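Just so we're aligned: the sequence shown equals residues 262 to 939 in my numbering. All residues carry an ideal CB built from backbone N, CA and C; glycine is no exception. Since this is a predicted model, take the numbers as computed values, not measurements.
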Amino acid sequence: MNLAYFPGLQIESALSKEDALNFKPDSWPPAPDFPAVIDAYGHVVSRYGDVRWDLSPWSGHTLTIYFGDGSGQGKRVSPQNAELLRKVVAWWLWGEAAIRSAKALVFKFETIKPLFVACTDAGILATELYRYPKVIEKLSEYYKQRGNRLIECLHSLFIARETLGFVLLDESGIKLLSSVLTTNDSTQTAYIPARIWSYQVSRLRECLEDFLLHQEQVEACYDFCLSAYARNAGGQLSKSFGGLGINGPFRSSRIRGKSRTGRVFYGLFTETAEEFGISELLDRWVLFNNVTGIRSLTTYLSLISSVGLAYLLNFSLMRIEEGSKLRADCYEVERDQLGEDIHMLKGVTTKTIEDSDARWIVSPSVEIALKAMRIVAFMRSKAARENPYLELSKEDVENPILQFLQHEPWSSKAPKSQSTKKYKKIRSYGDISKNLWPKLFDDKELTITEADLEMANRMTFGLDPEKFAVGKVWPLAWHQLRRTGAVNMLASGLVTEASLQYQLKHASRAMSQYYGKNYYRLKEPLNEEARAYYLREMYQSMVREFKALQSDQYVSPHGEKRKQQILSEISEKDHEQLLKAAKSGRISYRQTFLGGCANSGPPCPLGGISNISSCMGFSSNKPCASALLDKAKLPMIKQLKNVITIQISDAAPDSPLYESLQAQLESAERAIHVIESN
């Protein structure tokens with residue numbers, strides 16, 4: 262094969278250099294000892310023939326792929342099929358359409374590998390798959406998700422068949438597979454019901470507030486422990502990494518007090534925690550007893566870092582990968598041209614373009630999370646600076662990553678070598694809340710009720726009934742926080758808790774101006790992908806509300822015929838068609854005090870929120886043709902009528918205020934009459 266046409270390694274990393282040994286193989290397939298991955302120090306991390314490739318030097322965090330033909334965790338693949346799988350990965354890595362990110366390579370690998378597992382289970386080579394239609398049909402059992410992505414992979418590999426030297430599935434085989442695969446790729450990210458969302462946010466905040474209330478005691482205890490370890494390591498903390506064994510200062514087997522060697526022993530750590538006033542704090546949030554000992558302090562600090570990140574994701578539209586890379590100085594407040602403060606986070610985006618200076622609009626309430634994470638990061642940097650196995654950059658010392666690694670010398674996870682991983686790998690939200698820190702959430706509060714499920718289905722199409730059912734615990738996930746936050750900011754009325762409503766509305770106003778309307782130019786560029794996500798949810802929200810208008814709950818002051826005219830855009834359209842109509846401006850909908858407005862033009866001057874006279878009309882003015890009344894708002898409208906009646910009695914007759922109130926009163930009375938008549 263002529264490898265001259267191969268572009269070579271295209272992974273976006275400082276390690277991808279044309280003079281690197283792994284830039285391009287000199288044979289096809291590459292030799293087993295060909296260096297696939299090389300780290301920043303020039304060391305070969307993985308070779309082509311290895312069972313597992315470690316892609317961490319490219320990604321900055323733990324990232325591996327397991328081919329399955331040797332020992333290790335993951336699905337097994339026969340040696341012959343694993344060799345074919347390596348060729349596919351090599352093609353993606355060095356071939357004519359080389360992949361540009363390690364994350365994308367892993368995604369494609371995880372998409373294609375189940376096919377090789379299925380062929381191994383069936384006792385055939387993957388290149389023989391086209392001859393076994395029954396095995397092709399059985400592939401659906403291996404692909405509950407990513408069906409469309411698999412078809413895409415197989416199609417591109419079929420096109421490259423001459424270069425690859427083999428075919429996995431031809432066109433007829435791909436058609437058969439396509440007909441049997443269940444493709445769930447189009448399933449919308451689940452919306453967390455308002456009750457469950459409010460509960461988890463409230464618990465996160467409670468945890469953060471508890472930490473900040475005990476901040477001084479926690480820091481004092483932490484510093485004391487570092488000093489104790491340094492003393493028992495001969496006066497140098499750097500000599501305590503790797504553990505002190507029986508010389509640990511909190512060994513119950515050692516006699517309390519100062520020994521002849523100069524080491525000091527304090528008995529059980531639980532007693533030290535009690536002395537510093539953090540015993541109840543630790544017991545409240547993590548597993549804390551004589552067995553867990555000082556490790557409970559490390560566990561608690563990691564909990565605060567993760568809780569802070571989770572709280573931040575609820576109010577920022579950030580991805581977990583983006584939030585986990587934020588540094589201590591990420592929070593900014595900019596005064597805009599309206600004199601309002603716009604709260605933002607700056608960091609690195611991960612999805613589309615590598616923007617090292619992107620901004621995300623957030624609620625000011627995230628400040629509590631950032632403060633807690635900063636405290637933990639700077640605490641841990643004290644230990645990290647003394648770790649003899651590490652060489653921290655100036656930035657890592659002065660402006661640490663908020664998701665700082667465990668560096669306590671008593672922790673088994675403290676780095677014992679100069680790591681190529683720049684960022685900590687974040688566990689799933691469900692794993693964090695259920696397995697790592699089971700005291701964080703109460704499963705009873707997360708159990709799905711009928712009302713929860715109804716709301717989730719209303720906000721999400723294609724929910725998996727196996728996962729989401731009454732009586733089951735809601736399966737929390739990071740990406741759910743992003744979508745739920747966006748929906749709640751667009752319709753903060755879904756969440757009834759007052760303080761959360763305030764936080765959502767504050768962020769919503771800024772996002773609406775700068776993501777939705779591109780109101781004014783800010784000094785720094787906003788993250789475009791977050792803006793696109795917000796807009797997509799805005800249109801989705803518009804479509805949901807517009808569809809809801811079909812129910813009997815909404816009436817037009819001009820009668821049923823006018824309502825049907827307004828809704829004519831809906832009747833023949835599915836969800837995707839409605840989205841297109843919303844984006845093109847053919848349908849429009851916004852909530853008002855009385856119900857909703859379907860006017861496709863610019864908003865009317867009075868808006869329909871603080872003043873309803875233009876919605877229902879007054880005197881000789883008729884109701885707006887685009888107005889729809891929500892029967893559920895009848896109590897609020899009656900309450901408004903009572904308030905206006907009181908205000909009119911205090912207003913001077915014939916004054917502008919009196920006339921305005923009179924117009925609103927008449928509009929409220931008209932709305933009440935229409936609703937009660939239908």
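Straight-line CA distance for residue 338 to residue 721?
Within the sequence shown, the letter at position 77 stands for residue 338. Within the sequence shown, the letter at position 460 stands for residue 721. C-alpha separation (whole angstroms): 37 Å.
Taking the alpha carbon of residue 672 as the reference point, which residue from 561, 407, 539 has its own alpha carbon closest?
On the sequence shown, position 411 is the one that residue 672 refers to. Answer by Cα proximity: 561.
On a Cα-Cα basis, can you pick out the residue from 485, 499, 594 that is closest to residue 621?
Residue mapping note: residue 621 aligns to position 360 of the sequence shown, counting from 1. With distances taken between Cα atoms, residue 621 lies closest to 594.
Rounded to whole angstroms, what is the Cα-Cα separation between residue 279 and residue 354?
As a working note, residue 279 is residue 18 in the sequence shown. As a working note, residue 354 is residue 93 in the sequence shown. The straight-line gap from Cα to Cα measures roughly 14 Å.
Determine whether the Cβ of residue 819 lies closer than 8 Å to any Cβ atom of chain B.
The chain inventory of the structure shown lacks chain B, comprising one protein chain alone.
When you compare only the Cα positions, how much space is there between residue 653 and residue 645?
Against the sequence shown, residue 653 aligns to sequence position 392. Against the sequence shown, residue 645 aligns to sequence position 384. Rounded to whole angstroms, residue 653 to residue 645 spans 8 Å at the Cα level.
Which full runs of the beta strand (DSSP E) of 3+ residues lie inside the segment 642-701, going along the chain?
none
Please determine if the segment 504-520 and the segment 473-482 are in contact, where contact requires at least 3 C-beta pairs separated by less than 8 Å.
As far as the Cβ criterion goes, the segment 504-520 does not touch the segment 473-482, which means the pair count is below three.
Pairing CB atoms from the segment 421-440 with CB atoms from the segment 536-546, are three or more of them under 8 Å?
Three or more Cβ pairs closer than 8 Å define a contact, and the segment 421-440 falls short of that threshold against the segment 536-546.
Coarse secondary structure for residue 281, derived from DSSP in three states:
In the sequence shown, residue 281 corresponds to position 20, counting from 1. Residue 281: coil per DSSP, three-state reduction.
Reference residue 942, options 412, 297, 702, closest by Cα:
No information on residue 942 is available, as it lies outside the stretch 262 to 939 that the chain covers here.
Under a three-way DSSP split, which group does residue 856 fall into?
Here residue 856 refers to the residue found at position 595 of the sequence shown. Note: residue 856 maps to strand in three-state DSSP.
Three-state secondary structure assigned by DSSP to residue 353:
Taking the first residue of the sequence shown as 1, we reach residue 353 at position 92. Residue state, collapsed to three classes: helix.
Simplified DSSP state of residue 727, which is helix, strand or coil:
Here residue 727 refers to the residue found at position 466 when the sequence shown is read from its first residue. Coil at residue 727, not helix or strand.
Apart from the five residues just before and just after residue 277, which ones in its own chain have a Cβ nearer than 6 Å to its Cβ?
The count along the sequence shown starts at 1 and reaches residue 277 at position 16. Contacts found: 270.
Nearest to residue 495 by CA position, among 369, 725, 508, is which residue?
On the sequence shown, position 234 is the one that residue 495 refers to. Comparing Cα positions, the closest option is 508.
Whole-angstrom C-beta distance between residue 374 and residue 336, which should lie under 8 Å
Within the sequence shown, the letter at position 75 stands for residue 336. Within the sequence shown, the letter at position 113 stands for residue 374. About 7 Å separates the two Cβ atoms, so the contact holds.
Applying the criterion that 16 or more other CB atoms from any shown protein chain within 10 Å of the CB defines a buried residue, is residue 547 buried or exposed?
As a first step, residue 547 is located in the sequence shown; it is residue number 286 there, counting from the start. The residue in question, residue 547, is buried, as its Cβ has 16 or more Cβ neighbours within 10 Å.
Whole angstroms is fine: what's the gap from residue 807's alpha carbon to residue 819's?
Along the sequence shown, one-based indexing puts residue 807 at 546. Along the sequence shown, one-based indexing puts residue 819 at 558. Rounded to the nearest angstrom, the two C-alpha atoms are 18 Å apart.
Output needed for residue 301: all residues of its chain with C-beta closer than 8 Å, excluding positions within five of it in sequence on either side, in chain order.
As a working note, residue 301 is residue 40 in the sequence shown. Closer than 8 Å at Cβ, skipping near neighbours: 275, 276, 318, 681.
Using alpha carbons as the reference points, say which of 602, 575, 600, 606 lies closest to residue 586.
In the sequence shown, residue 586 corresponds to position 325, counting from 1. Per the Cα distances, 606.
Nearest to residue 701 by CA position, among 543, 731, 709, 715, is which residue?
The residue given as residue 701 occupies position 440 in the sequence shown. Per the Cα distances, 543.
Please report the distance separating the alpha-carbon of residue 637 from that of residue 480.
Walking along the sequence shown from the start, residue 637 turns up at place 376. Walking along the sequence shown from the start, residue 480 turns up at place 219. Each residue's Cα considered, the two are about 9 Å apart.
Exposure of residue 669, with buried meaning 16 or more beta-carbon neighbours within 10 Å:
Here residue 669 is taken as the residue at index 408 of the sequence shown, counted from 1. Looking at its Cβ environment, which holds 16 or more other Cβ atoms inside 10 Å, residue 669 is buried.
Among all the DSSP beta bridges, which residues are the ones paired with residue 596?
Position 335 of the sequence shown, counted from the first residue, corresponds to residue 596. Beta-bridge pairing links residue 596 to 602.
With DSSP as the reference, label residue 815 as helix, strand or coil.
Taking the first residue of the sequence shown as position 1, residue 815 is located at position 554. In the structure shown, residue 815 sits in a strand (DSSP, three-state: E or B).
Suppose you measure from the CA of residue 391 to the CA of residue 361; what does that come to, to the nearest Å?
Position 130 of the sequence shown, counted from the start, is the residue given in the question as residue 391. Position 100 of the sequence shown, counted from the start, is the residue given in the question as residue 361. Spanning the two alpha carbons is a distance of roughly 30 Å.
According to DSSP, simplified to helix, strand and coil, what is residue 327?
By one-based count along the sequence shown, residue 327 stands at place 66. Residue state, collapsed to three classes: strand.
State whether the segment 420-435 contacts the segment 465-473, with contact taken as three or more CB pairs (one from each stretch) at a distance under 8 Å.
no
First and last residue of the uninterrupted beta strand (DSSP E) at residue 294:
On the sequence shown, position 33 is the one that residue 294 refers to. Counting along the chain, residue 294 falls outside any beta strand (DSSP E), and DSSP gives it neither H nor E.
Taking 6 Å as the limit between beta carbons, can you name the residues of its chain near residue 879, skipping five residues before and five after?
Working through the sequence shown from its first residue, we reach residue 879 at position 618. Same-chain partners within the cutoff: 924, 927, 928.
8 Å contact criterion, which residue 295 and residue 309 should meet: CB distance rounded
Residue 295 sits at position 34 when you count from the first residue of the sequence shown. Residue 309 sits at position 48 when you count from the first residue of the sequence shown. That belief holds up - the Cβ atoms of residue 295 and residue 309 are roughly 4 Å apart, short of 8 Å.
Which same chain residues end up closer than 7 Å to residue 630 when comparing Cβ atoms and leaving out the 5 residues on each side of it in sequence?
Numbered from 1 along the sequence shown, position 369 holds the residue referred to as residue 630. Non-local beta-carbon contacts of residue 630 in its own chain, meaning distances under 7 Å to residues more than five positions away in sequence, involve 469, 569, 572, 573 in chain order.
DSSP-derived helix/strand/coil call for residue 746:
The count along the sequence shown starts at 1 and reaches residue 746 at position 485. Note: residue 746 maps to helix in three-state DSSP.
Among 857, 656, 824, 816, which has the Cα closest to the Cα of residue 805?
As a working mapping, residue 805 is identified with position 544 in the sequence shown. Of the candidates 857, 656, 824, 816, the one whose C-alpha sits nearest the C-alpha of residue 805 is 857.
Anticipated Cβ contact below 8 Å, residue 724 with residue 451, distance rounded:
Taking the first residue of the sequence shown as 1, we reach residue 724 at position 463. Taking the first residue of the sequence shown as 1, we reach residue 451 at position 190. Confirmed, Cβ separation roughly 6 Å.
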